[in-house]
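Going by our numbering, the residue at position 250 of the sequence shown is 250; the numbering climbs one at a time, nothing skipped.
No residue lacks a Cβ here, since even glycine has one placed at the ideal position from N, Cα and C.
Written below as structure tokens is the structure these notes are about.
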Amino acid sequence: MSEPATGPSQVPAAPEPTAGGLLAAARQLADAADVRLLLQHVLDLSHAQLIARPERRVTSAQAEQYSALVRRRAAGEPLAYLTGRREFYGLDLIVTPAVLIPRPETELLVDIALDVLRGHPAPLVLDLGTGSGAIALALGRALPAAHVVAVDRFAQALAVARQNAEQHAVAVEFLCSDWYAALGSRRFDAILANPPYVAAGDPHLSGEIRHEPVSALVSGADGLDDLRQIIAGAAQHLNPRGCIWVEHGCDQARAVRELFRAAGLADPVSWNDLAGLPRVSGASWSGAESRR
Ligand code: GLN
């Protein structure tokens, strides 16, 4: 079947009033914003500066760099890796493909921890799997009296986190460690983690997220392998009345609270993100080894 020819006099068809049509329109708008941010990045100008002097000359090298970045963006590379930056909790962070791109939902984890830790005179805080250093730096900046230890298994990730700490002049103790492995018997008042929690084979891994480190995303068949290890080791690394908070997938809250109970941790609670989905759970350690 052939479509009737569309002459120039015809009014262009309105976007289909379907969810998919509206989503496509929303994506185009989002992409336009990304393209503008790439231009700002190449020209090293703010949005206001860009608008204020449209006659500004652009070198051919800049024009080439810009079109190369636009092509990479169109092929699905995340904006944050193209500009090398992402904002998290008011901090402008360096990001490279060695680290997960910090996400707004992780700010919920920081908020929940700060609610409790602001009442503590000088908390000892552990960030497991720090990546870009996002959580450690947000906490360190908000809690100047805290001592923050941040670990990551990968030296390349730690290098990014260290650069971020230097750039923002936040004191963080960095350690290369596979979860608790390099911490010996050290104990903390709070443990935080945004570990990998996506199930292997989850269909959303084939989207734009494929550019991010798989080691920061995927954790076994049910996505819970790393959360199991982190939660199992918590009582051995928390001070009495210390708390642990972890980010997880929206369908994992019940399982995570069960893991807390099984590890002898008290008062497991989950919190919803802005979309109303449970994405962070926490529990505390009484200080007494549970007798079972
Ligand atoms: N929130 C990420 C996602 O888009 C996952 C991050 C993680 O596994 N820690 O699925």
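Below 8 Å on the Cβ atoms is my contact criterion, and I expect L192 with W271 to pass it. Report the Cβ-Cβ distance as a whole number of Å. Between W271 and L192 the Cβ distance is about 13 Å, and since that is not below 8 Å, they are no contact.
Nearest neighbour of D92, chosen from V256, S284 and Q167 [CA to CA]: For D92, the closest C-alpha among the options V256, S284 and Q167 is that of Q167.
Option in S219, Q252, A263 and G287 with minimal Cα separation from P278: Relative to the Cα of P278, the nearest Cα in the group S219, Q252, A263 and G287 belongs to Q252.
Per the contact definition of three or more C-beta pairs closer than 8 Å, is the segment 118 to 136 in contact with the segment 96 to 103? With a cut-off of 8 Å, the segment 118 to 136 and the segment 96 to 103 count as touching, because enough Cβ pairs lie within range.
Go ahead and label P240 buried or exposed: buried means 16 or more other beta carbons lie within 10 angstroms of its beta carbon, across all protein chains shown. Result: exposed.
Buried or exposed: G84, going by 16 or more other Cβ atoms within 10 Å of its Cβ? By the neighbour-count rule (16 or more Cβ atoms within 10 Å), G84 is not buried but exposed.
Is the CB-CB distance between A165 and V172 below 8 Å? Closer than 8 Å, so yes.
In angstroms with no decimal places, state the Cα-to-Cα distance between R53 and Q62. R53 and Q62 have their C-alpha atoms roughly 16 Å apart.
Mind checking whether E208 and G76 have CB atoms under 8 Å apart? Yes; because the gap between Cβ atoms is below 8 Å, this pair is in contact.
Just grab the DSSP bridge partners of V293 for me. With the chain covering 1 to 292 only, the question about residue 293 has no answer from this structure.
Count the other C-beta atoms from every protein chain shown that fall within 10 angstroms of the C-beta of S284, then say buried if there are 16 or more, exposed otherwise. S284 is classed as buried because its beta carbon has at least 16 other beta carbons within 10 Å across all chains shown.
CB-CB under 8 Å to L139, same chain, minus the five flanking residues each way: which ones, in chain order? Setting aside the 5 residues that flank it on each side, L139 is surrounded in the same chain by V110, A113, L114, L117, V125, D127, A146, V148 and L192, each with a C-beta closer than 8 Å to its C-beta; the list follows chain order.
Check whether the segment 185 to 202 and the segment 56 to 71 touch, using three or more Cβ-Cβ pairs below 8 Å as the test. Judged by Cβ distances under 8 Å, the segment 185 to 202 makes no contact with the segment 56 to 71, as fewer than three pairs qualify.
Excluding sequence positions up to five away, which residues of its chain have a Cβ less than 6 Å from the Cβ of R292? Any reading at R292 must be qualified, since the residue scores a pLDDT of 43, below 50, and its modelled position is unreliable; no value is offered.
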